[in-house]
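Worksheet for the structure shown next.
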Amino acid sequence: MMDTNLYLALSALIFTIGALGVLMRRNALIIFMCVEMMLNSVNLSLVALSHRWGNVDGQIFVFVIMAVAAAEVAIGLAILIANTRHSQSVNVDKIDLLRW
Amino acid sequence: MIGYSAAWLLALPLAGLLLNTFVGRRYSRTLAGTIASGAVGLAFLIAILMAPDIYGSHGEHAGQTLPLWDWITIGELQVPLALLVDPLSLTLTLVVTGVGFLIHVYAMGYMVDDARLARFFIYLNFFILAMLLLVLGDSFVTLFIGWEGVGLASYLLIGFWFDREDELYGSYADCGKKAFVVNRIGDVGLILAMGLIWTTVGTLNFTEALQGLATMSEAPLVLICLLLLLAVAGKSAQFPLYVWLPDAMAGPTPVSALIHAATMVTAGIYLMARTHVLWELAPMASAIAAWIGVGTAFVAATMAMVQTDLKKVLAYSTISQLGYMVLGAGVGAFAFAIFHLVTHAFFKALLFLSAGSVQHATHELDMRKLGGLRLKMPHTARNFLIGSLALAGIPPLAGFFSKDGILLYAFQHNILLYFLGLVTALVTAIYIFRAYYLTFMGEPRDAHVDSHVHESGRLILAPLWILSALTILGGALNLPFVLTLEHALASVVGELEPPVPSLEIALLVVSAMVAIGGARLAWGAYRRHMAWVDSIRATFKPLAKLAQQRWYLDDLYDRQILRGSHTLSQWLSTTVDQQGIDRAVNWGAETALNWSRKLRRLNDGRVPTYVFSMFVGAALLVAYFWIAL
Numbered sequence: 066m067m068d069t070n071l072y073l074a075l076s077a078l079i080f081t082i083g084a085l086g087v088l089m090r091r092n093a094l095i096i097f098m099c100v101e102m103m104l105n106s107v108n109l110s111l112v113a114l115s116h117r118w119g120n121v122d123g124q125i126f127v128f129v130i131m132a133v134a135a136a137e138v139a140i141g142l143a144i145l146i147a148n149t150r151h152s153q154s155v156n157v158d159k160i161d162l163l164r165w
Numbered sequence: 344m345i346g347y348s349a350a351w352l353l354a355l356p357l358a359g360l361l362l363n364t365f366v367g368r369r370y371s372r373t374l375a376g377t378i379a380s381g382a383v384g385l386a387f388l389i390a391i392l393m394a395p396d397i398y399g400s401h402g403e404h405a406g407q408t409l410p411l412w413d414w415i416t417i418g419e420l421q422v423p424l425a426l427l428v429d430p431l432s433l434t435l436t437l438v439v440t441g442v443g444f445l446i447h448v449y450a451m452g453y454m455v456d457d458a459r460l461a462r463f464f465i466y467l468n469f470f471i472l473a474m475l476l477l478v479l480g481d482s483f484v485t486l487f488i489g490w491e492g493v494g495l496a497s498y499l500l501i502g503f504w505f506d507r508e509d510e511l512y513g514s515y516a517d518c519g520k521k522a523f524v525v526n527r528i529g530d531v532g533l534i535l536a537m538g539l540i541w542t543t544v545g546t547l548n549f550t551e552a553l554q555g556l557a558t559m560s561e562a563p564l565v566l567i568c569l570l571l572l573l574a575v576a577g578k579s580a581q582f583p584l585y586v587w588l589p590d591a592m593a594g595p596t597p598v599s600a601l602i603h604a605a606t607m608v609t610a611g612i613y614l615m616a617r618t619h620v621l622w623e624l625a626p627m628a629s630a631i632a633a634w635i636g637v638g639t640a641f642v643a644a645t646m647a648m649v650q651t652d653l654k655k656v657l658a659y660s661t662i663s664q665l666g667y668m669v670l671g672a673g674v675g676a677f678a679f680a681i682f683h684l685v686t687h688a689f690f691k692a693l694l695f696l697s698a699g700s701v702q703h704a705t706h707e708l709d710m711r712k713l714g715g716l717r718l719k720m721p722h723t724a725r726n727f728l729i730g731s732l733a734l735a736g737i738p739p740l741a742g743f744f745s746k747d748g749i750l751l752y753a754f755q756h757n758i759l760l761y762f763l764g765l766v767t768a769l770v771t772a773i774y775i776f777r778a779y780y781l782t783f784m785g786e787p788r789d790a791h792v793d794s795h796v797h798e799s800g801r802l803i804l805a806p807l808w809i810l811s812a813l814t815i816l817g818g819a820l821n822l823p824f825v826l827t828l829e830h831a832l833a834s835v836v837g838e839l840e841p842p843v844p845s846l847e848i849a850l851l852v853v854s855a856m857v858a859i860g861g862a863r864l865a866w867g868a869y870r871r872h873m874a875w876v877d878s879i880r881a882t883f884k885p886l887a888k889l890a891q892q893r894w895y896l897d898d899l900y901d902r903q904i905l906r907g908s909h910t911l912s913q914w915l916s917t918t919v920d921q922q923g924i925d926r927a928v929n930w931g932a933e934t935a936l937n938w939s940r941k942l943r944r945l946n947d948g949r950v951p952t953y954v955f956s957m958f959v960g961a962a963l964l965v966a967y968f969w970i971a972l
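Protein chains in written order, with the working numbering: chain B, 66 to 165; chain H, 344 to 972.
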C-alpha cells in the first residue's frame, strides 16, 4: 500500500520536473528530453498501479507507449536536426516561423 | 407495355438534348438538327404505336398510369412522379410530337445560317420534353413542372436572338422577359389553386383530387376554378394577360409556330379539359371563362385587323383562336375545345411556317413592303392560302368543323356568346384574307425586297405540304354527327349532349356563309377598292384607333403596374439594398476583421507559449473533473 504511494509520488515528481523543464528551458534538445521524462513518469505510475491491482493491462500499455515514444523520438530528432541546420540554433525562442 | 413506351416518350427528347449538349455540336452543324428531329420523330412513332391500345379501350379504365419513382415524400405529402396516358393526354402527345417533328425538320432548313444552331435545337428538345411532362403528368405537381419548363423554354426561345433590337419589338431580350413575367402572374394562380386543392382534399393526383373535389360544396370550387382561370389566362394568352404573346413573335418563326401557336399556349386549354369536373360543378366560373374567352377572341381579332406585320397578325389571330377554345371549355364543350386545339395546331403552324418561309426569302414581314409574292413563291402562297381558308372556317377544311362545334354549344348556352363568336368569325375571315392578299396577291410594292425573292428549299416546303394535308383532312377527326374524337375523349372529359340535328345544320350553314362572306369581302376590298378600305377605316375610325393602340391595355399596364413596380424596385435597390443590407453586411465583415486583427496576437509562433496554454488547458480540465466528481 505504502509502496505504491511512494511510486506515485516519484512519478508525480518526475512529471513536474519534466513539465517545468518544457516550460522553462530554451534548448530544444533539453525540452525534448523533458517530454520523454513526462512520458516515462506516466509509465512508472502505470506499472506501479498495475502491480498494485494485480492487472497486467497497465504493463501492456507501457510497452505500447514505449514503442510509440521510440517512433516519436525518431521523428522529433529528425525535425530538430533539420531545424538546427536551417537556423544554426537550438533556441526555441527563435523557432517562430509559423507566426501570423 | 404502354407504360414503358410512355417513359420512352420522355426519354427520347431528353436523350436528344443531352446528346446535342455534350456530343453533337462538336462534330457538325447539321448533326444537331438531325439528332433533335430524330428524337422527336421517334417519340411521335411511339405515340402512334400506343394509340390503338389507348383509344381502343373505352369506359372507366381508358387511362393507364405509369409510376416512375417517388419524388417527394414529406409527412403526408407524397408526390410520386407518374405518367398518365389516356385519350386526352395521348391526343396532346400526338400533336406535340407530330407537329413538333415537322417544325423541327422545318427549322433545319430555316435556321441553317444561324450561328447558335445547336443551342436552338437543344432548347427545342427541352421544350418538347417539358411539354410532354406537362400533358403526361398524372398530378398537378408533375403538370406544374412541365408548365414551368415550357415557360422557361418559351423565355429562352423568344429571346433566342437576344442581341437583336428593332423598332417593332424593341430589344428582343425584353420580349422574352415580358413573356416570362406575365406568365409568372398566371403561375401564381396555378400554385394557389394547387395549395387550395391540397388543403381541401389532401392530394394532388388528378384522379383522386377530382374525385374528392366532386363532393365539395360550390364555393371552394369556384375559387379553385377562378385561380385556374388565371393560370389559363397567363399561359394561353387570354384577357387580361394576353399582352405577352404579340411580343413573343420576336423569337425565330419555328418557335412562334411550335410554342406560341401549336402547343405551349394550348396548355391552358388542356388544363381546363383535365379539370373539367370542377368546371362543370362551378357554373359561375365556367361562365366567366366563356365570357373571357369570347371577349378575348373578339378583341384580339380586331387587333389582328390593323397589324402591318404578318407575324403579328398571326399572333393576334392565335390569341383570338385560343379565346374560342376557352369559350368552348367554358360552355362545357371540352371535346370541341380539344378538337379546335388540334386543328388549330395544324393550320396555325402552317400559317406561321409559311410566314417564316416568306421571311426566309425576303427578310421582311412588313406587309406594306410585300405583295405579289405568289409569282415567285407559288408553293408558300398556296400553303398560306390553305391555312387561311382553314382559319377563316371555310368548309370543308379542319377549322370549320372545330370552330363550328364550339359556336354550336355556345349557342345552346347563351345566344350572346354565339353572336359575339360569329362576329369574331367574320372578322377572322376578313383579317386573314387581308393578310393573304397584301402579302401574296397584287403587285410587289418594294423593288428591293422583290429583287431577291425566291422559293424556299425542300426542307422548308415539305413540312408545309404535310401540314397542308393535315389542315385539309383534319376535320375528318371529328365530323359532325360522326364525332370520332369526341367519343374517344368521352372517357376523360365526359359525354356531350348531342344537339338537335336541324339546329346543328342551320348553324353550320350560317357559319359557312359568314366565313365565305368575310373572305369575299376582304378579297373584294383589297383586290380592287383600296379606296373603299380607306373609307371603311374612316367610318370605324374610333374602333381602328382602339385596335391600333391594342385597346390601351399595354398602356394601362405600363402606367399602373410597370411604373409603380419600377419605382418600388428603384427604392428597394438604392435604399433597402445599398443603404440597408449592404451596410449591415459590410459592418459585419469589418467587425470580424477588426477582432481577428487583435486575436491573432495570441498566435505568436513560439513553442513555449503553445505548450504553456496546453498545460493550462489540461490543468483546467483536471480541476473541472476534480470539482465535478
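Where is the CB? At the ideal position from N, CA and C, for every residue including glycine.
| query | result |
| --- | --- |
| Delimiting residues of the alpha helix (DSSP H) encompassing residue 425 of chain H | Unbroken run through residue 425 of chain H is the beta strand (DSSP E), 420 to 428; no alpha helix (DSSP H). |
| Closest Cα partner of residue 695 of chain H within the set H:775, H:626, H:639 and H:679 | H:775 |
| For residue 285 of chain H, the nearest candidate out of H:352, H:542 and H:962 (CA to CA) | The first residue shown for chain H is 344 and the last is 972, placing residue 285 of chain H beyond what the model contains. |
| Chain-ordered neighbours of residue 147 of chain B on chain H, where CB pairs are closer than 8 Å | Per Cβ cutoff of 8 Å: no residues; residue 147 of chain B is ~15 Å from chain H at best. |
| Rounded C-alpha distance that separates residue 749 of chain H from residue 770 of chain H | 17 Å |
| Cα-Cα separation between residue 837 of chain H and residue 408 of chain H, rounded to whole angstroms | 19 Å |
| Between the CA atoms of residue 855 of chain H and residue 845 of chain H - distance to the nearest angstrom | 15 Å |
| Own chain, CB closer than 8 Å to residue 767 of chain H, minus 5 neighbours either side, in chain order | 637, 640, 641, 644, 663, 666 and 667 |
| Proximity test, Cβ basis, 7 Å: residue 78 of chain B and chain H | no |
| Alpha-carbon to alpha-carbon, residue 941 of chain H and residue 104 of chain B | 36 Å |
| Below-7 Å beta-carbon distance, residue 88 of chain B vs any chain H residue | yes |
| 7 Å Cβ cutoff met for residue 532 of chain H and residue 570 of chain H | yes |
| Touching by the beta-carbon criterion (3+ pairs, under 8 Å), the region 480 to 495 of chain H and the region 534 to 553 of chain H | yes |
| Whole-angstrom distance between residue 528 of chain H and residue 573 of chain H, CA atom to CA atom | 8 Å |
| Exposure of residue 356 of chain H, with buried meaning 16 or more beta-carbon neighbours within 10 Å | buried |
| Interface flag, residue 950 of chain H vs chain B, CB-CB below 7 Å | yes |
| Contact set between the region 942 to 969 of chain H and chain B, restricted to residues whose Cβ is under 7 Å from the partner | 943, 946, 947, 948, 949, 950, 951, 954, 955 and 958 |
| Boundaries of the beta strand (DSSP E) in which residue 412 of chain H is found, first to last residue | 407 to 417 |
| Partners in chain H for residue 125 of chain B, counting only beta-carbon separations shorter than 7 Å | Near residue 125 of chain B there are no residues of chain H at all, since even the closest Cβ is about 25 Å away, more than 7 Å. |
| For residue 752 of chain H, the nearest candidate out of H:420, H:383, H:673 and H:739 (CA to CA) | H:673 |
| Touching by the beta-carbon criterion (3+ pairs, under 8 Å), the region 798 to 805 of chain H and the region 675 to 684 of chain H | no |
| Reference residue 466 of chain H, options H:456, H:494, H:452 and H:488, closest by Cα | H:494 |
| Residue 330 of chain H versus H:778, H:719 and H:697, residue with shortest Cα-Cα distance | It is not possible to answer for residue 330 of chain H, since the shown part of chain H is limited to 344 through 972. |
| C-alpha gap between residue 68 of chain B and residue 966 of chain H, whole angstroms | 27 Å |
| Alpha-carbon spacing of residue 796 of chain H relative to residue 705 of chain H, whole angstroms | 6 Å |
| For residue 757 of chain H, the nearest candidate out of H:693, H:708 and H:626 (CA to CA) | H:626 |
| Residue range of the alpha helix (DSSP H) that includes residue 895 of chain H | Careful: residue 895 of chain H lies outside any alpha helix (DSSP H) and carries neither H nor E. |
| C-beta atoms of residue 608 of chain H and residue 633 of chain H nearer than 7 Å | no |
| Neighbourhood of residue 437 of chain H by C-beta, 6 Å cutoff - its chain only, sequence neighbours within 5 removed | 390 |
| Beta carbon proximity, residue 138 of chain B to chain H, threshold 7 Å | no |
| Within chain H, partners of residue 129 of chain B - CB distance below 7 Å | Those do not exist, as residue 129 of chain B stays about 21 Å from chain H at its closest Cβ, beyond 7 Å. |
| Meets three-Cβ-pair contact criterion under 8 Å: the region 809 to 824 of chain H and the region 739 to 746 of chain H | yes |
| Beta-carbon proximity check, residue 710 of chain H vs residue 658 of chain H, cutoff 7 Å | no |
| For residue 120 of chain B, three-class secondary structure by DSSP | coil |
| Contacting residues, own chain, Cβ-Cβ under 6 Å from residue 865 of chain H (five flanking each side not counted) | 773, 776 and 777 |
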